[in-house]
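Per the numbering used here, the very first residue in the sequence shown carries number 5; after that it's consecutive.
Note that beta-carbon positions come from the ideal geometry of N, C-alpha and C, so glycine has one too.
Remarks on the structure that follows.
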Amino acid sequence: MIDASNRVLTNIKTYVAETCKNVSNYSSKSPPSFPAVSVVQIDNTDACMDLDNSENAVKSVMEIQCYSNKNITESKNIINQCCDAMRKMGYARSYGPKPVENASDTNIYRTVARFNRLVASVDEIKKFETKGA
5 MIDASNRVLT
15 NIKTYVAETC
25 KNVSNYSSKS
35 PPSFPAVSVV
45 QIDNTDACMD
55 LDNSENAVKS
65 VMEIQCYSNK
75 NITESKNIIN
85 QCCDAMRKMG
95 YARSYGPKPV
105 ENASDTNIYR
115 TVARFNRLVA
125 SVDEIKKFET
135 KGA
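And the structure:
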């Protein structure tokens with residue numbers, strides 16, 4: 005199965021390393037430390053099959069959530085960095101970034117964005133070697 009989620013997570017960690025140390029692939033209502041970024045693949049549907057019924061491409065849909073316990077500006081700044089990183093990886097933003105009220109704790113500021121792209125079996129998303137890629 006084609007799955008770009010680990011590379012995307014690693015690249016986001018590298019890209020935002022100076023502004024956010026807590027980057028993970030799980031989402032929660034309250035991360036263990038702040039600021040935090042959640043990078044979750046929410047869909048990975050087949051987009052193209054070959055004559056042997058093998059997967060040749062998928063539509064990768066990633067959701068990124070940024071959390072801050074200081075203010076919405078910090079959350080927005082980090083998600084804007086994430087948006088830049090996703091664009092460098094060939095993803096198009098399909099939702100957001102949008103502030104979302106955190107129902108469990110209104111002192112946590114959260115911003116959400118979704119991205120998608122076609123990932124082919126012969127594709128390789130380039131690994132970011134340095135922060136800011």
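Taking one beta carbon from each stretch, the stretch 99-107 and the stretch 121-137 have fewer than 3 pairs nearer than 8 Å; the two do not touch. A Cβ-Cβ distance of about 4 Å is found for the pair A40 and N26, placing them in contact under the 8 Å criterion.
Distance from the CA atom of S58 to the CA atom of M93, rounded to whole angstroms, is 24 Å. Beta-carbon to beta-carbon, A8 and S64 are separated by about 5 Å, close enough to satisfy the 8 Å threshold.
Scanning the stretch 69-128 from its first residue to its last, the whole beta strand (DSSP E) runs of 3-plus residues come out as 96-105 and 113-124.
A straight line joining the alpha-carbon of L55 with that of A61 spans about 13 Å. Between I83 and the set E133, C70, K74 and Y95, the nearest pair of CA atoms involves C70. A straight-line Cα-Cα distance of about 11 Å links I16 and E133. Out of L122, R121, Y95 and P103, the CA that lies nearest to the CA of Y113 is found in P103. Annotation: the continuous beta strand (DSSP E) that includes I46 extends over A40 to M53. Listed in chain order, the beta strand (DSSP E) elements of length 3 or more contained wholly in the stretch 5-39 are 26-28.
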